[in-house]
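Below is one structure, written out as structure tokens, with a few remarks after it.
Chains as they are written, first to last, in the working numbering: chain R, 42 to 320; chain L, 42 to 320.
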């Protein structure tokens, strides 16, 4: 089985490593419009070859788009235009706009929309690593719009990445992603901006960061290239969850301003319920 | 050297382990008004003995208060009332109110205010662990109000805990702690409350959490008993930093609502500057 991976950053590069290492792919062909990343990916052995998109597709059985959603909106139709027997999947973090864009494409059925829920705050080919996806979940969206063979193909990809798959419609996916993943990133970005504005002395930030800040702010290292399109393409859901978040923050503010320790205590205890859900 | 530790939770218990293990303390005597915690601490070997406060102080050279700031406001004067040659230090996360409360105590000079910047989201004696403090910083406040011998004593405690010490006045400490540590906790609590309200389906939270949520929400597992008094005793600074935080969040909201990708991109890139400061 030959696999083309479009986008040789954290996600694409990490998939390349494990699909090859675990015997799923004989050949990994990399495609990246960023020539430096393409060169690095080949140089450090993430891919067996780099190529232009059309040549890569011709010699492949599976095509993975591991690029920001804004780029996928442009690249996915081009890929579907030229495929013959190939199965296509993407790793994008928002799904509704992308699925809408190719809904009536003649090769729609050979494409499976997916979102592997894994990552780190780092980006680029150097950030790629084995095991990134292990034990995590990947969401497959609107699988009834794909043919069964393609869905089976994609499930085998995720099996090789040691991920379990969950099926969901694209709209639900985007809502859940806003609630659980996108707001986490926004709250981290806002935290970094707050601290950078208030703390002109970087040595103080460093010294005090072990009090929990480093964990909460970790996602603020995430790439603007990836995250700007996510917020743009999940606008409505993200705005709704920001509003709820700001209401909660305002309740904390009010209770602290009033010196209402019972209310503060109750809100913290309520939020502690997250213990039984996340590790 | 015998050491009394008042409060046998995460912080006190972890200090007990390393002060004993590294040969700093011959005997660790534990004091905890929570009889269950005291019993557990003795049972799992965190302390050599448990005792009431006055008896423990009599046989000790150093007394460490590892209790919430609201309790320390009540316990610290009682400790200072009865000490003879002993040095007293505390681990509290806010300093101004505590220092003000004992400013004119006759034994003030034998007390050193400190805040070891370490911790986890867990609490209680079972959460105690070796190495919790290693490589982190501890802030010593208003050391000019303590005598040199006591300051040297306390520096040796932190040396045994493998911490470096930084000196700062209490007001600055409370401001920096609000900016770097306290707001991180509030943003995490607010995030947990948001997701718990929006996501009634806990299985979805679990499946999607690996997208970064687990890291950002980690601090929301923190104890209400510890954190409520921190917000109460650092009210003014915490309110100011919440206001800045909400302004940043509002800027994100506005830019997303306007579909202004340049503004979103710029804010993310600006927040990425945190990369060079935190690990």
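Glycine included, each C-beta is placed from N, C-alpha and C at the ideal position.
Curious, which full-length beta strand (DSSP E) runs of at least 3 residues does the stretch 169 to 218 of chain R contain? 178 to 182 and 205 to 209
Could you give the distance in angstroms between the alpha-carbon of residue 184(L) and the alpha-carbon of residue 192(L)? 7 Å
Around the Cβ of residue 248(R), are there at least 16 other Cβ atoms within 10 angstroms (buried) or fewer (exposed)? buried
Member of 279(R), 243(R), 236(R) and 262(R) whose CA lies at the smallest distance from the CA of residue 279(L): 236(R)
Residue 286(L): first and last residue of the uninterrupted alpha helix (DSSP H) it sits in: 276 to 299
With burial defined as no fewer than 16 other Cβ atoms inside 10 Å of the residue's Cβ, what is the status of residue 127(R): buried or exposed? buried
Check whether chain R comes within 8 Å of residue 279(L), counting only Cβ atoms and requiring the distance to be less than that. yes
Once DSSP output is grouped into helix, strand and coil, what is the label at residue 135(L)? coil
Between which two residues does the alpha helix (DSSP H) holding residue 114(R) run? 110 to 123
State yes or no: is the beta carbon of residue 234(R) nearer than 8 Å to at least one beta carbon in chain L? yes
Against chain R, which members of the stretch 211 to 229 of chain L pass a CB distance test of less than 7 Å? 217, 218, 220, 221, 222, 224, 225, 226, 227, 228 and 229
Chain L residues whose Cβ lies nearer than 7 Å to that of residue 260(R): 253, 256 and 257
Taking only beta-carbon positions, decide if residue 110(L) is within less than 8 Å of chain R. no
Near residue 215(L), which residues of its chain fall below 7 Å by C-beta distance, leaving aside the five closest residues on each side in sequence? 135, 136, 137, 275 and 278
Going by alpha carbons, who is nearest to residue 254(L) out of 244(R), 256(R) and 225(R)? 225(R)
Quick check for students: name the residue ranges of the beta strand (DSSP E) that lie wholly in the stretch 65 to 92 of chain R, counting only runs of 3 or more. 68 to 72
Do residue 72(L) and residue 94(L) have their CB atoms nearer than 8 Å? yes
Closer than 8 Å at the beta carbon, the chain L residues around residue 132(R): The premise fails here: residue 132(R) is roughly 12 Å from chain L at the closest Cβ pair, so nothing lies under 8 Å.
If distances are taken between C-alpha atoms only, which option among 130(R), 283(R) and 88(R) comes closest to residue 12(R)? Within the shown structure, residues of chain R are numbered from 42 to 320, placing residue 12(R) beyond reach of any answer.
My guess is that residue 105(L) and residue 53(L) are in contact by the Cβ rule of under 8 Å, so how many angstroms apart are they, rounded? 7 Å
Interface residues of chain R facing residue 248(L) [CB-CB closer than 9 Å]: 158, 177, 178, 180, 205, 207, 217 and 221
Output the distance between the C-alpha atoms of residue 75(L) and residue 317(R), rounded to the nearest integer angstrom. 24 Å
May I ask you to verify whether the stretch 57 to 68 of chain L touches the stretch 192 to 204 of chain L, counting CB pairs closer than 8 Å and requiring at least 3? yes
Determine whether the beta carbon atoms of residue 234(R) and residue 311(L) lie at a separation below 8 Å. yes
Distance check for residue 45(R) and residue 102(R), CA to CA, integer angstroms please. 8 Å
Whole angstroms are fine: how far does the CA of residue 194(R) sit from the CA of residue 78(L)? 54 Å
Identify which residue in 229(R), 269(R), 181(R) and 197(R) has its Cα closest to the Cα of residue 306(L). 269(R)
Measuring only the C-alpha atoms, how far is residue 166(R) from residue 117(R)? 21 Å
Residues of its chain near residue 258(R), where Cβ-Cβ distance is below 6 Å and the 5 sequence neighbours each way are ignored: 229, 232 and 233
Can you find a CB in chain R that lies within less than 8 Å of the CB of residue 167(L)? no
Buried or exposed: which applies to residue 298(R), given that a residue is buried once 16 or more other Cβ atoms fall within 10 Å of its Cβ? exposed
Can you tell me where the beta strand (DSSP E) holding residue 106(R) begins and where it ends? 103 to 106
Pairwise C-alpha distance: residue 178(L) and residue 290(R): 29 Å
Should residue 288(R) go down as buried or exposed, given a rule of 16 or more other Cβ atoms within 10 Å for buried? exposed
Pop quiz: residue 49(R) and residue 88(R) are said to be a contact at Cβ under 8 Å. What is the actual Cβ separation, rounded to whole angstroms? 7 Å
Output needed in chain order: residues of the stretch 271 to 297 of chain L with a Cβ under 7 Å from some Cβ in chain R. 272, 273, 276, 279, 280, 282, 283, 285, 286, 287, 289, 290, 293, 294 and 297
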